[in-house]
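**Q** Residue numbers (my numbering): 1 to 358. The beta carbon of each residue, even a glycine, is placed where N, CA and C say it ideally should be.
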Amino acid sequence: MSFKANFFDGKTSRTHAASITASSVNWKIRYLDEKSIPVEVSWNPQKIKKSDVYTKGLVAFTYGDTFPFQRIESTDDSFINYINNSHEHLSSTIDVMLHKSKWRSILFLLTGILTIGILTYFYVIPTVATSFATKLSEKNVIDFGNYIFRVISVDLKMNEEASRELQNFVDEMDIESEFPLDIYVAQSEELNAFALSGGKIVVFSSLIEKIQTKEQLAALIGHEVSHIENRHVLKNIARNFGGAIFTSVLFGDINGATTILMDNAHLFSQMSFTRGLEKEADMYGLEIMRKNKLDLNGMPELFEILKKESPLDVPTYLSNHPMLKDRIVYTKRIAESQGNIVANETLESKWQAIKAAL
Numbered sequence: 001m002s003f004k005a006n007f008f009d010g011k012t013s014r015t016h017a018a019s020i021t022a023s024s025v026n027w028k029i030r031y032l033d034e035k036s037i038p039v040e041v042s043w044n045p046q047k048i049k050k051s052d053v054y055t056k057g058l059v060a061f062t063y064g065d066t067f068p069f070q071r072i073e074s075t076d077d078s079f080i081n082y083i084n085n086s087h088e089h090l091s092s093t094i095d096v097m098l099h100k101s102k103w104r105s106i107l108f109l110l111t112g113i114l115t116i117g118i119l120t121y122f123y124v125i126p127t128v129a130t131s132f133a134t135k136l137s138e139k140n141v142i143d144f145g146n147y148i149f150r151v152i153s154v155d156l157k158m159n160e161e162a163s164r165e166l167q168n169f170v171d172e173m174d175i176e177s178e179f180p181l182d183i184y185v186a187q188s189e190e191l192n193a194f195a196l197s198g199g200k201i202v203v204f205s206s207l208i209e210k211i212q213t214k215e216q217l218a219a220l221i222g223h224e225v226s227h228i229e230n231r232h233v234l235k236n237i238a239r240n241f242g243g244a245i246f247t248s249v250l251f252g253d254i255n256g257a258t259t260i261l262m263d264n265a266h267l268f269s270q271m272s273f274t275r276g277l278e279k280e281a282d283m284y285g286l287e288i289m290r291k292n293k294l295d296l297n298g299m300p301e302l303f304e305i306l307k308k309e310s311p312l313d314v315p316t317y318l319s320n321h322p323m324l325k326d327r328i329v330y331t332k333r334i335a336e337s338q339g340n341i342v343a344n345e346t347l348e349s350k351w352q353a354i355k356a357a358l
């Protein structure tokens, strides 16, 4: 049986229309050269190599041990069927699936595209975005945080006197920070505190009222400073909004990517973190307390105060900080091994000034 194909002789770039007579013994390839002289080439089937061409209705083979190789390409359906049925070593499951049915070919292609899309959306984009957040310049981080703060602060009633006293409290602490720390107290019945990229921390008045000691307040501040220093907010944005931003960019809607962030600016005040990030913030906060020679028990005490809140009306601060029971256990264990504790009268007086300003 003779099949139609295009033949490349490996000597010139010219394509020859050829006929192939194939058997298990040899393949005879016949064509006319540039002078219209009949030429016959014989291929040993054991030395023929299949070329990966995942295209409906096309197969290709090469022959030879040195470059340039002889090559044939064919869209002859009868030749494709012959290869699939008579030369199993020259076909594959993928080839058979693609060439047997155009619907299988389309399904295979769509499945591949969908798989790549899912992997990109859930793994590649968050990883790249998190790396980007880590490497973002200090100025850009501060500018982004300032923008978000301007959007959020419109709906917050700031207690200027309490904010000033809380800032004095934080300034008195020994805290090394990449960013300038700006602390605010917002009047609210909601138990919450949050940090923004670039150094801004907002603590709601109801949460301060629940706090009983300067050590507990220092634990809260240390925890939020950790979110700033380790860029947890930016990394969380990458995790939560990376996919949506990727989709906007994919379809050329750059303004849409910006809108996604700006329209969700208020969510930054209620952003939850992964268990790993929260534990990192706890450990960092304990180190700040240790450096200031404050009683580390302030950290588990803060969590115990919050845990007493009614489970029927879980405050925002609790809903954003999972596994509170576990955190009480491991922070208390660390506190038990603490050495030096120094009474800090200056910090105590500043704590009392905060309470008086509320």
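Can the beta-carbon of residue 215 be found less than 8 Å from the beta-carbon of residue 282?
**A** No, these two residues do not count as a Cβ contact at 8 Å.
**Q** What separation, rounded to the nearest whole angstrom, lies between the Cα atoms of residue 358 and residue 205?
**A** C-alpha separation (whole angstroms): 7 Å.
**Q** Do residue 228 and residue 177 have their C-beta atoms closer together than 8 Å?
**A** Result yes, Cβ atoms of residue 228 and residue 177 sit closer than 8 Å.
**Q** I'd like the list of long-range same chain contacts for residue 165, defined as Cβ closer than 6 Å, with 5 residues on each side in sequence excluded.
**A** Answer for residue 165: 353, 354 and 357, listed in chain order.
**Q** On the DSSP bridge assignment, give the partners of residue 71 in chain order.
**A** According to DSSP, which records beta bridges pairwise, residue 71 is partnered with 8 and 62.
**Q** Mapping the DSSP letters down to three states, classify residue 14 as helix, strand or coil.
**A** Reduced to three states, the DSSP call for residue 14 is coil.
**Q** Kindly identify the DSSP beta-bridge partner or partners of residue 201.
**A** According to DSSP, which records beta bridges pairwise, residue 201 is partnered with 183 and 195.
**Q** For residue 169, which three-state DSSP category applies?
**A** The answer is helix: DSSP assigns residue 169 an H, G or I state.
**Q** Helix, strand or coil for residue 29 per DSSP?
**A** DSSP places residue 29 in strand when its eight states are reduced to three.
**Q** Please classify residue 67 as buried or exposed, where buried requires at least 16 neighbouring CB atoms within 10 angstroms.
**A** Per the 10 Å Cβ criterion, exposed.
**Q** In angstroms, rounded to a whole number, what distance separates the CA positions of residue 249 and residue 133?
**A** Annotation note: pLDDT 49 at residue 249 (below 50); position unreliable, coordinate value reported separately. Cα-Cα distance, rounded: 17 Å.
**Q** Can you pull the DSSP bridge partners for residue 3?
**A** Looking at the DSSP assignment, residue 3 forms a beta bridge with 20.
**Q** Using three-state DSSP, classify residue 233 as helix, strand or coil.
**A** Helix at residue 233.
**Q** Is residue 22 near residue 31, with beta carbons less than 8 Å apart?
**A** Result no, Cβ atoms of residue 22 and residue 31 do not sit closer than 8 Å.
**Q** In chain order, what residues of the same chain lie with their CB nearer than 8 Å to the CB of residue 341, ignoring the 5 residues before and after it?
**A** 293, 294 and 295, listed in sequence order.
**Q** Among the residues of its own chain, which have a CB less than 8 Å from the CB of residue 2, if the five just before and after it don't count?
**A** Excluding sequence neighbours, residue 2 sits near 19, 20 and 21.
**Q** What residue does the beta strand (DSSP E) around residue 49 start on, and which one ends it?
**A** Looking at the DSSP string, the run of the beta strand (DSSP E) that includes residue 49 is 48-51.
**Q** Skipping 5 residues on each side, what residues in its chain have a beta carbon closer than 7 Å to that of residue 8?
**A** Closer than 7 Å at the Cβ level, and outside the excluded window around residue 8, lie 15, 70 and 71.
**Q** Starting from residue 329, follow its DSSP beta bridges and name the residues at the other end.
**A** According to DSSP, residue 329 bridges with nothing at all.
**Q** Tell whether a beta-carbon distance below 8 Å holds between residue 207 and residue 233.
**A** No; because the gap between Cβ atoms is not below 8 Å, this pair is not in contact.
**Q** Label residue 319 either buried or exposed according to how many other C-beta atoms from any shown protein chain fall within 10 Å of its C-beta, with 16 as the threshold for buried.
**A** Legend: pLDDT at residue 319 = 44, less than 50; position of this residue unreliable, no value from coordinates given.
**Q** Using the rule of at least 16 other Cβ atoms within 10 Å of the residue's Cβ for burial, across every protein chain shown, is residue 5 buried or exposed?
**A** Buried, by the Cβ-count rule.
**Q** Quick check on residue 254: does DSSP put it in helix, strand or coil?
**A** Low local confidence applies: a pLDDT of 44 at residue 254 is under 50, so the model's placement there is unreliable, with the coordinate-based value given in what follows. In this structure, residue 254 counts as helix in the three-state DSSP scheme.
**Q** DSSP state of residue 41, grouped into three classes?
**A** Strand at residue 41.
**Q** Excluding five sequence neighbours on each side, which residues of the same chain lie with their C-beta closer than 7 Å to the C-beta of residue 298?
**A** Contacts found: 213, 215, 216, 218, 219 and 289.
**Q** Please go through the same chain and pick out, in chain order, the residues whose beta-carbon is closer than 7 Å to the beta-carbon of residue 189, but skip the five residues on each side of it.
**A** Result list for residue 189: 206, in chain order.
**Q** Taking 8 Å as the cut-off, decide whether the C-beta atoms of residue 169 and residue 199 are in contact.
**A** Contact: no.
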